[in-house]
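Start counting the sequence shown at 1122; every next residue gets the next number (our numbering).
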Amino acid sequence: FQEPFVADEYIERLAWRTPGGGSRGGEAFDPKRLLEEFVNHIQELQVMDERIQRKVEKLEQQCQKEAKEFAKKVQELQKSNQVAFQHFQELDEHISYVATKVCHLGDQLEGVNTPRQRAVEAQKLMKYFNEFLDGELKSDVFTNSEKIKEAADIIQKLHLIAQELPFDRFSEVKSKIASKYHDLECQLIQEFTSAQRRGEISRMREVAAVLLHFKGYSHCVDVYIKQCQEGAFRRNDVFEDAAILCQRVNKQVGEVFSNPETVLAKLIQNIFEVKLQTYVKDQLEEHRKSDAEQYLKNLYDLYTRTTNLSSKLMEFNLGTDKQTFLSKLIKSIFISYLENYIEVEIGYLKSRSAMILQRYYDSKNHQKRSIGTGGIQDLKERIRQRTNLPLGPSIDTHGETFLSQEVVVNLLQETKQAFERCHRLSDPSDLPKNAFRIFSMLVEFLCTEHIDYALETGLAGIPSSDSKNANLYFLDVVHQANTIFHLFDKQFNDHLMPLISSSPKLSECLQKKKDIIEQMEVKLDMGIDRTLNCMIGQMKHILAAEQKKTDFKPEDENNVLIQYTNACVKVCGYVRKQVEKIRNSMDGKNVDTVLMEFGVRFHRLIYEHLQQYSYSCMGGMLAICDVAEYRKCAKDFKIALVLQLFDTLHALCNLLVVAPDNLKQVCSGEQLANLDKNILHSFVQLRVDYRSARLGRHFS
């Protein structure tokens, strides 16, 4: 019956153990015997079941009996617990009653003892007062130097009492008490000083606690502050010394004084108003009137280092509003220098910028021309803008652009430093206004006095379009002006915008920048246009000098050895140089814009040039070769319109050589179909056989 019990296995084992219950060993199966064994075994199991059932019933009865006994015992324990709880409550009430009585008794004793102590204290004070009244101090507390703390407590109380006494009757004793008060105060301060020099923090704390009730407590703090600074400022960096000193004192002051934040604040105030103010004054007054550059550098450096020191001091406990406290200290040092800072800045920037420009023009041995202002100059400017005519004599600049990146970098560097100083030294409310004034100086000297002057000089240096062998330098001016303006724009975004981005001055600065850009663009466009005219003029001179009438109407039609004319070779060479120069001088979309304009003018020149000649059959072939070379040159432009124009021109030149019977077919071709018949007719008229072959009838 051991677990796990399986009935089938149990029956199987029983059958195998019964003789005749199976066929094992050759023994015959005997069902009767197996039935008999099963019946007997069932009876045994029934007997066993009855015995176990009786045992279970007995155990159940015993368990019920024990449960009743346990329940009864629990009830008895609950009753005992209730009794104990009642006793505890009674005891607690009794204890409370006794405690109340004890407190009442204590109050009564205190009520009796306090007046008694006051009386004893008053008696002692009267005794000490009598000694001052008699004029002889006999008590040990006044004669023993080791009891200075007790003497200080007594004399401080006597001093308060003496102040309430009438002067006429007690003047002498009041003066004696005051004298002793002063002497003890001096002794305590001297003792504090000695303890500080010895580094005895505990003694310093003890004496400071006694002096706290004396009038000379502030003098004790002053002595502490003075001695803290002895030997603290021995290096050249007064700001680093101050930070180290405050760090050291901050660790110590809490162990000595009951109000450490007040003492540390007073130390910092003393450092700012004495050490730093003296140092700043010495550094600035030396250069204030003699060297504006050094003065501004020193002012910026000193103010920056002072604010950095203030940031380090913010980590200390200096009271409730330490930000305002430190700001006032900084302001007290620099207020006289910051009030007129921007005037000094503008004055220096103006003189420095003028000197940089003048030094550059002197290095070029150039006497700067006066561009002029007023009605006449404005009139000239308007006429020049509308007609694009050079007004006044052309000036030979000898290839000089009068633009210098070194000058520009120097001007921008000075302005950058001015913006940085302005950001640091200007009051937040004045910052946008001051930044705008600095920007105006940059516009005046960089844009007007340097770039605009160079553009005006460059415009004056552009020769007329009919000049021979003219040197064209204006594109160099364009290239340098473009580079310079990128630098100017970068400084505008990097250094000016952060200072004015949230103020009304932003729109004013953007408008000023826009105006100066537009003014420069007008002059650049004008100069480029006149330069392109000069280029076309140079090409006209080449064509006029090199192109001969016999080129396109040779005397011997059968003996033409050249592939294209000499004029074509020289013009193409000139054009390629100018295209390269334009690419090097421009950037972005400006390259394509200028090249397109140049290409259109180039095409117009060749078109009009070809219209001046008569063409034989062989001459027409040579003209086609020339135009093919011009078209190859036009590919360098990389402008679709220009290439299309020369493709069309090349197709027009085919009219010079095509057989008369094929003219109509060629004119209706893809490239010529959309052209005006007058244009086609004008080219056909250039053929030498126009009249003899009656070619005009094809266009009637």
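Cβ atoms here follow ideal geometry from the backbone N, Cα and C, with glycine treated the same way.
CA-to-CA distance, residue j to residue i, given in whole angstroms
i, j, result
"Leu-1533", "Phe-1378", "55 angstroms"
"Lys-1336", "Gln-1308", "14 angstroms"
"Lys-1443", "Met-1435", "7 angstroms"
"Glu-1701", "Asn-1592", "16 angstroms"
"Glu-1214", "Glu-1197", "26 angstroms"
"Leu-1653", "Phe-1719", "6 angstroms"
"Ser-1468", "Glu-1460", "Inspection of the sequence shows that residue 1468 is occupied by Gly rather than by Ser. The alpha-carbon atoms of Gly-1468 and Glu-1460 are separated by roughly 15 angstroms."
"Arg-1134", "Asp-1151", "16 angstroms"
"Phe-1126", "Lys-1186", "33 angstroms"
"Pro-1511", "Ser-1585", "Only weak support exists for where Pro-1511 lies, its pLDDT of 49 falling under 50; the value from the coordinates is given anyway. Rounded to the nearest angstrom, the two C-alpha atoms are 8 angstroms apart."
"Thr-1686", "Lys-1669", "9 angstroms"
"Val-1204", "Phe-1191", "20 angstroms"
"Lys-1661", "Gly-1740", "20 angstroms"
"Leu-1423", "Thr-1604", "36 angstroms"
"Glu-1181", "Trp-1137", "39 angstroms"
"Leu-1500", "Asn-1531", "Here the model assigns Leu-1500 a pLDDT of 49, short of 50, so the residue's position is not dependable, and the following value carries that caveat. Taking the straight line joining both Cα atoms gives about 35 angstroms."
"Ile-1572", "Gln-1732", "43 angstroms"
"Lys-1189", "Val-1177", "19 angstroms"
"Lys-1449", "Asp-1343", "21 angstroms"
"Cys-1543", "Lys-1485", "34 angstroms"
"Phe-1767", "Gln-1526", "40 angstroms"
"Cys-1689", "Lys-1635", "44 angstroms"
"Thr-1887", "His-1616", "Given a span of 1122 to 1821 for the chain in the structure shown, any question on residue 1887 remains unanswerable."
"Glu-1157", "Ile-1132", "14 angstroms"
"Leu-1167", "Asn-1202", "The question names Leu, but residue 1167 is Gln in the sequence shown. Rounded to whole angstroms, Gln-1167 to Asn-1202 spans 52 angstroms at the Cα level."
"Asn-1783", "Met-1707", "46 angstroms"
"Lys-1710", "Ser-1803", "36 angstroms"
"Asn-1509", "Ser-1491", "Legend: pLDDT at Asn-1509 = 47, less than 50; position of this residue unreliable, no value from coordinates given."
"Arg-1505", "Leu-1743", "With a pLDDT of only 46 at Arg-1505, under the threshold of 50, the placement of this residue in the model should not be trusted, and no figure is reported."
Member of the options whose CA lies at the smallest distance from the CA of residue i
i, options, result
"Lys-1633", "Asp-1587, Arg-1324, Phe-1560, Asp-1646", "Phe-1560"
"Gly-1520", "Ser-1585, Lys-1452, Glu-1639, Leu-1596", "Leu-1596"
"Val-1805", "Ala-1386, Ala-1794, Pro-1781", "Pro-1781"
"Gly-1455", "Gln-1479, Phe-1437, Arg-1426", "For the sequence presented, residue 1455 should be read as Phe rather than Gly. Ranking the options by Cα distance to Phe-1455, first place goes to Arg-1426."
"Glu-1327", "Ile-1310, His-1340, Thr-1714", "Ile-1310"
"Gln-1684", "Asp-1810, Ile-1745, Arg-1558, His-1208", "Ile-1745"
"Asn-1391", "Asn-1429, Asn-1705, Lys-1347", "Lys-1347"
"Arg-1480", "Cys-1224, Val-1529, Tyr-1734, Thr-1445", "Val-1529"
"Lys-1674", "Val-1195, Ile-1637, Val-1778, Arg-1545", "Val-1778"
"Phe-1613", "Leu-1230, Glu-1541, Ala-1316, Arg-1355", "Glu-1541"
"Val-1809", "Gln-1765, Asn-1711, Glu-1676, Lys-1759", "Glu-1676"
"Lys-1759", "Arg-1812, Tyr-1734, Arg-1697, Ser-1789", "Arg-1697"
"Phe-1606", "Ile-1583, Met-1641, Leu-1627, Val-1160", "Met-1641"
"Ser-1623", "Asp-1713, Thr-1578, Cys-1655, Lys-1554", "Lys-1554"
"Glu-1321", "Gln-1373, Asp-1362, Glu-1361", "Gln-1373"
"Arg-1651", "Pro-1140, Ala-1665, Ile-1583", "Ile-1583"
"Ser-1547", "Glu-1466, Leu-1305, Leu-1796", "Glu-1466"
Strand pairing of residue i, partner residues [DSSP]
i, result
"Arg-1808", "Tyr-1736"
Whole-number beta carbon distance between residue j and residue i, since they are thought to touch under 8 angstroms
i, j, result
"Lys-1644", "Leu-1563", "19 angstroms between Cβ atoms; not a contact."
"Cys-1367", "Leu-1388", "7 angstroms"
"Tyr-1416", "His-1408", "4 angstroms"
"Glu-1394", "Ser-1453", "7 angstroms"
"Leu-1430", "Asn-1419", "No, Leu-1430 and Asn-1419 are not in contact; Cβ-Cβ is about 16 angstroms, not under 8 angstroms."
"Val-1787", "Asn-1799", "Incorrect: roughly 16 angstroms between the Cβ atoms, too far for contact."
"Ile-1463", "Arg-1545", "No, Ile-1463 and Arg-1545 are not in contact; Cβ-Cβ is about 12 angstroms, not under 8 angstroms."
"Lys-1396", "Val-1359", "6 angstroms"
"Ala-1695", "Ile-1727", "A quick correction: the sequence has Tyr, not Ala, at residue 1695. That belief does not hold up - the Cβ atoms of Tyr-1695 and Ile-1727 are roughly 13 angstroms apart, past 8 angstroms."
Contact with chain C by residue i, beta-carbon distance below 7 angstroms
i, result
"Ser-1201", "The chain inventory of the structure shown lacks chain C, comprising one protein chain alone."
Short Cβ contact (7 angstroms threshold) for residue i with residue j
i, j, result
"Leu-1524", "Ala-1556", "no"
"Ala-1539", "Leu-1470", "yes"
"Leu-1620", "Leu-1552", "yes"
"Ala-1755", "Val-1748", "no"
"Ile-1657", "Arg-1704", "no"
"Ala-1386", "Leu-1439", "yes"
"Cys-1341", "Val-1370", "no"
"Tyr-1736", "Leu-1793", "no"
"Val-1715", "Ile-1649", "yes"
"Glu-1729", "Lys-1691", "no"
"Ser-1474", "Phe-1566", "yes"
"Cys-1693", "Ile-1637", "no"
"His-1724", "Arg-1752", "no"
Any non-hydrogen atom of the ligand ADP within 6 angstroms of residue i CB
i, result
"Tyr-1218", "In the structure shown, the ligand ADP is absent, as is every other ligand, since no ligand is present at all."
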